[in-house]
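For reference, the structure discussed in these notes is given below.
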Amino acid sequence: MPHPPSPHLLLRRVFIWPRIRTTRQTATLSRPRPLIPLDKRISSRQFSDRAHWRACYLSNRTFSTAIPARFPTSAASTNMPEYKLIGSSPSEIKNGDKVEVQVEGLEGVKLLLVKLDDKVHAMTARCTHYGAPLVKGVLSPDARITCPWHGACFNVISGDVEDAPAPNALNKYDISEKNGAFYVHTDEASLKAWGREPVKTCKVSGNDNVVVVGGGSGAFGTIESLRELGYSGNITMISKEPNLPLDRTKFSKALIADPSKIELRSKDWYSNVSVNTVSDEVTSVDFEKKSVATKSGKSYPYTKLVLATGGTPRMLPLPGFKELGNVFTLRYVTDAQAILAAVGEKGKNIVVIGSSFIGMEVGNALAKENKVTIVGMESAPLERVMGVEVGRIFQRNLEKSGVKFYLSASVEKATPCSADSTKVGAVHLKDGTELPADLVILGVGVAPATEYIKENPAVKLEGDGSLKTDESFAVQGLKDVYAIGDIAKYPYHGPGGQDGKFHVRIEHWNVAQNSGRSVGRTIAHLSTSSHPIKPKPFIPIFWSALGAQLRYCGNTVDGYDDIVMKGEPENAKFAAFYTSSDTVVAVATMGMDPIISKSAELMRRGNMPGKKELVAGTDVLTVDLPGKVTM
Numbered sequence: 001m002p003h004p005p006s007p008h009l010l011l012r013r014v015f016i017w018p019r020i021r022t023t024r025q026t027a028t029l030s031r032p033r034p035l036i037p038l039d040k041r042i043s044s045r046q047f048s049d050r051a052h053w054r055a056c057y058l059s060n061r062t063f064s065t066a067i068p069a070r071f072p073t074s075a076a077s078t079n080m081p082e083y084k085l086i087g088s089s090p091s092e093i094k095n096g097d098k099v100e101v102q103v104e105g106l107e108g109v110k111l112l113l114v115k116l117d118d119k120v121h122a123m124t125a126r127c128t129h130y131g132a133p134l135v136k137g138v139l140s141p142d143a144r145i146t147c148p149w150h151g152a153c154f155n156v157i158s159g160d161v162e163d164a165p166a167p168n169a170l171n172k173y174d175i176s177e178k179n180g181a182f183y184v185h186t187d188e189a190s191l192k193a194w195g196r197e198p199v200k201t202c203k204v205s206g207n208d209n210v211v212v213v214g215g216g217s218g219a220f221g222t223i224e225s226l227r228e229l230g231y232s233g234n235i236t237m238i239s240k241e242p243n244l245p246l247d248r249t250k251f252s253k254a255l256i257a258d259p260s261k262i263e264l265r266s267k268d269w270y271s272n273v274s275v276n277t278v279s280d281e282v283t284s285v286d287f288e289k290k291s292v293a294t295k296s297g298k299s300y301p302y303t304k305l306v307l308a309t310g311g312t313p314r315m316l317p318l319p320g321f322k323e324l325g326n327v328f329t330l331r332y333v334t335d336a337q338a339i340l341a342a343v344g345e346k347g348k349n350i351v352v353i354g355s356s357f358i359g360m361e362v363g364n365a366l367a368k369e370n371k372v373t374i375v376g377m378e379s380a381p382l383e384r385v386m387g388v389e390v391g392r393i394f395q396r397n398l399e400k401s402g403v404k405f406y407l408s409a410s411v412e413k414a415t416p417c418s419a420d421s422t423k424v425g426a427v428h429l430k431d432g433t434e435l436p437a438d439l440v441i442l443g444v445g446v447a448p449a450t451e452y453i454k455e456n457p458a459v460k461l462e463g464d465g466s467l468k469t470d471e472s473f474a475v476q477g478l479k480d481v482y483a484i485g486d487i488a489k490y491p492y493h494g495p496g497g498q499d500g501k502f503h504v505r506i507e508h509w510n511v512a513q514n515s516g517r518s519v520g521r522t523i524a525h526l527s528t529s530s531h532p533i534k535p536k537p538f539i540p541i542f543w544s545a546l547g548a549q550l551r552y553c554g555n556t557v558d559g560y561d562d563i564v565m566k567g568e569p570e571n572a573k574f575a576a577f578y579t580s581s582d583t584v585v586a587v588a589t590m591g592m593d594p595i596i597s598k599s600a601e602l603m604r605r606g607n608m609p610g611k612k613e614l615v616a617g618t619d620v621l622t623v624d625l626p627g628k629v630t631m
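Following this line, the structure appears as structure tokens:
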């Protein structure tokens, strides 16, 4: 068998590769046909060919990848049980349809059927992130289906993850037609599984060594992508956190502080796929000798370095806040544990300083059984980002939960408790207001965590401490070094970004993970090819829990001058379209799914309606998605 192509070209719309004949364990390559560059959307048959290529390629790279589980063969070749699907028939489903169906004989087990290019695909019905019904998501003409909640995206043909935050791919099922009904051929366990199991094992080969500094969303995305795409080199993840990558979004939204409940992958998984996890703090990097040094005195060489160290919560440089106990920031699981310990038996006076997303989320999470006060400098929560009208919707939501606000306020100091002078007892505002406080939580922003390279002469940090990168997240001026997540300032090609003229630093969970997936894809490609690969574009998607679920997509990198409101803002059910001139640069919604998922896809494809169209009554959910991505 000739050396196979780079794995990420197999499913990423770059070239059409030859058809592969597969059995359960082997693959033989037919005579190659010429490579055909893709300018437009391609057929599901072409996607399917490359999906088989990828499955066979991974199985030959020492991964434990069962082809029938990932890309099922026919019922005749597998002798799998047959299950009838109830809820749709071959005569009813049309191209572009997505239908949720019941599996006969298995109570509560549902699948999603999608018809593209005259072919019906059967797959997992729920998003593998938080279980959103994909039938309510957005189907794109290039075989992508996007979750209606948080922006997770999957490939309809292969089931693979296209965009974060989905941790697992979808299961795909062999489907046939008989007597006017659909049948799938698989086993009961596969039908009941919540998505496809991740890559299980990897035997390392070669001398390549990727070192990932950090243990958050970006680090996870990088590692997951590398192993998923067949990279068999060494991987070392160095993180100062006392845990493996967690779903950090649950710290502030739900104050879940048990790491075992929110691990993205188990310790065994990292071990099985040959990822060396190191609990240590990186203190310096020698970019010339290609090695990183840690606090424990150890040194780790690299061939590729991924910096994913996230952000450091800011402290208030005011009297009392550094000296007194029970003053917290929230970044790590240990912070959440300390906050919950301080809250104890509930009924506490809690002052949250900062009407930021973190401040609002943690205030909302604690308000049920405590007296929560949020202090903000703006006239409405999140005014700078979301605008006054939208910010006041969030304020009303939290006030219904008992949260009290002091806005347009300035903090003067914190003073100790009369019963224990080592702990905080009150927060004082400059207008003389004294707020009793059993504990204080600071939500006043984060700074890029780049202290370990701040004095390095080879590095030029931006004014905010971030690292400037190109579209592939490669750090400018450094060889074989990438920066992702909160520390990266990258060219933004979405609406308002003026085709990459503006560099942005976005502190979003999805952005960190998607940038990590992008870097993993690049490194895996370069391990088998000397030719560069075009970065896969994504639109930033963000969500928050502010009395109701907020969704947000896009970015106001160059500002916005107006907001077009739709829906019922007075009932916290709205869609807010942020515009610069006639261009929609960002969208925020509550209770109006899947507008965010649809808007993000329209933005990727350059077909987002303008301000004039929206004012005239255009509904984005009725706008067609072009086949071509323009970012």
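Residue 424 in the UniProt record's numbering sits at position 424 of the sequence shown, with consecutive numbering throughout.
Here a beta-carbon is modelled for each residue, glycine too, at the ideal position from N, C-alpha and C.
Only a predicted model underlies this, so the values are computations on that prediction, with no experimental measurement involved.
Beta-bridge annotation (DSSP): Glu263 is paired with Leu246.
Of Glu601, Leu340, Asp624, the smallest CA-CA separation from Thr630 is found for Glu601. In the DSSP annotation of this structure, the continuous segment of the beta strand (DSSP E) that includes Ala575 starts and ends at 573-580. In the DSSP assignment, Met237 falls within the beta strand (DSSP E) that extends over 234-239. Rounded to the nearest whole angstrom, the C-alpha separation of Ser91 and Asp117 is 15 Å. In the DSSP assignment, Phe154 falls within the beta strand (DSSP E) that extends over 153-155. Fully enclosed beta strand (DSSP E) runs of no fewer than 3 residues occupy 349-353, 371-375, 404-406, 411-416 of the stretch 328-416, in order along the chain.
Cβ atoms of Ala336 and Phe251 come within 8 Å of each other, at about 5 Å. Runs of alpha helix (DSSP H) with 4 or more residues, each lying fully within the stretch 573-629, are found at 595-604, 611-615, listed in chain order. Your pair Ala367 and Ser401 checks out as a contact, with CB atoms roughly 4 Å apart and the cut at 8 Å. For Ile523, the enclosing alpha helix (DSSP H) has its first and last residue at 509-526. Contact between Arg505 and Gly221 does not hold, since the beta-carbon distance rounds to 17 Å and is not under 8 Å. Counting every other CB atom within 10 Å of its CB across the protein chains shown gives His531 a total below 16, marking it as exposed.
Between Leu229 and Gly520, the C-beta gap is smaller than 8 Å, which places the two residues in contact.
When only Cα atoms are considered, Val161 and Val411 end up about 45 Å apart. Here the alpha carbons of Trp509 and Lys404 stand approximately 28 Å from one another. Inclusion of Val275 and Val282 in the CB contact set at 8 Å is not warranted, their separation being larger than that value. Rounded to the nearest whole angstrom, the CA to CA distance from Glu224 to Glu107 is 33 Å.
Going by C-alpha positions, Ile374 is about 20 Å away from Ala572. Boundaries for Leu461: no alpha helix (DSSP H) harbours it, and the DSSP string shows neither H nor E there. The DSSP-derived three-state label of Ser176 is strand. Across the structure, Met592 and Gly391 are spaced so that their CA atoms are roughly 17 Å apart. If you compare the alpha carbons of Val184, Lys115, His185, Ala193 with that of Asn155, the shortest gap goes to Lys115. Here Pro594 is actually not in contact with Gly206; their C-beta atoms are around 43 Å apart, not less than 8 Å. If you draw a straight line from the Cα of Leu461 to the Cα of Val285, it comes to about 14 Å.
Secondary structure note for Ala219: its alpha helix (DSSP H) is the uninterrupted segment 217-228. Where Ser284 is concerned, the enclosing beta strand (DSSP E) starts and stops at 282-286. Inter-residue distance for Lys84 and Val99 is about 15 Å (C-alpha atoms, whole angstroms). Shown here for Tyr302: same chain residues with a beta carbon closer than 6 Å to its own, the five before and five after excluded, namely Asn209, Val211, Lys290 in chain order.
DSSP places Leu191 outside any beta strand (DSSP E); the residue lies instead in the alpha helix (DSSP H), whose first and last residues are 188-192. Here Pro148 is buried. Its C-beta has 16 or more other C-beta atoms within 10 Å. Apart from the 5 residues on each side of it in sequence, Asn272 sits with its Cβ closer than 7 Å to the Cβ of Lys200, Thr201 in its chain, given in chain order. Residue environment analysis places Asn514 among the buried positions, since at least 16 neighbouring C-beta atoms fall within 10 angstroms of its C-beta.
With respect to the 8 Å criterion, Val585 and Gly554 are classified as neighbours on the basis of their beta carbons.
Here Gly376 is buried, its C-beta having at least 16 other C-beta atoms within 10 Å.
Exclusion of the five residues before and after Glu434 leaves Ala426, Val427, His428 as the residues of its chain whose Cβ lies within less than 8 Å of its Cβ.
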